[in-house]
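Just so we're aligned, residue 14 is where the sequence shown starts under our numbering, counting upward by one.
The structure under discussion appears below in the form of structure tokens.
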Amino acid sequence: MQHNRHGRGIRGPLAWPPVPAMRPRAALFDELVLDALERIEARLGKPLGLIELAVEDVPPSDPAPWETQIALARTFPAEHGNPARVVLYRRPIESRAGREEELADLIDEVVTEQVADLIGVPPEDLGRE
Numbered sequence: 014m015q016h017n018r019h020g021r022g023i024r025g026p027l028a029w030p031p032v033p034a035m036r037p038r039a040a041l042f043d044e045l046v047l048d049a050l051e052r053i054e055a056r057l058g059k060p061l062g063l064i065e066l067a068v069e070d071v072p073p074s075d076p077a078p079w080e081t082q083i084a085l086a087r088t089f090p091a092e093h094g095n096p097a098r099v100v101l102y103r104r105p106i107e108s109r110a111g112r113e114e115e116l117a118d119l120i121d122e123v124v125t126e127q128v129a130d131l132i133g134v135p136p137e138d139l140g141r142e
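Structural data, given as structure tokens:
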């Protein structure tokens, strides 16, 4: 072991072995979003191939005048050959959820509401069984 000028060396490994608990929050969030979309597709019995899901850390701007709080997600309809898109904002959603179970439920609720809005059905029709 190599020592520095104070007689101390490296006290532990520079990197721990990867374990599930060390998974970044953003990766966990992305997995929960995909799980929510898979549940919706299973409920509909068909894939939602014409809708893209995206995740950004925060909304790109302050809330619009008609929004009473920071947006959790936004929906962009298909136009000019681009598919419809649902953008979820990770940090605002995480700040409203406490534990991981609450986060999964909130993501599921947000994705369901946004997709239902895009395809023109009530969110209850896409909800969990």
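The beta carbon of each residue, even a glycine, is placed where N, CA and C say it ideally should be.
Per DSSP, the bridge partner or partners of residue i
i: A97; result: I64
i: E69; result: Y102
i: E92; result: N95
Extent of the continuous alpha helix (DSSP H) to which residue i belongs
i: T88; result: From DSSP, T88 is part of no alpha helix (DSSP H) but of the beta strand (DSSP E) over 86-89.
i: I120; result: 113-132
i: P136; result: 136-139
i: A49; result: 38-57
Cβ neighbour criterion (16 or more within 10 Å) applied to residue i
i: T125; result: buried
i: V128; result: buried
i: V46; result: buried
i: E142; result: In this predicted model, E142 has a pLDDT of only 48, less than 50, meaning its place in the structure is not dependable; the value taken from the coordinates is given anyway. So E142 counts as exposed.
Proximity to residue i [Cα-Cα], best of the options
i: V99; options: E54, D130, G58, E137; result: D130
i: T88; options: Y102, Q82, G94, P60; result: Y102
i: P90; options: L63, S74, A110, A84; result: L63
i: V68; options: L139, H93, L50; result: L50
i: I132; options: E54, I83, P72; result: E54
7 Å Cβ cutoff met for residue i and residue j
i: R38; j: L139; result: no
i: R123; j: L85; result: It is worth fixing the name first, because residue 123 is Val in this sequence and not Arg. Contact: yes.
i: R104; j: D70; result: yes
Neighbour flag for residue i against chain B, beta carbons, 7 Å
i: A86; result: Absent from the structure: chain B. Only one protein chain is present.
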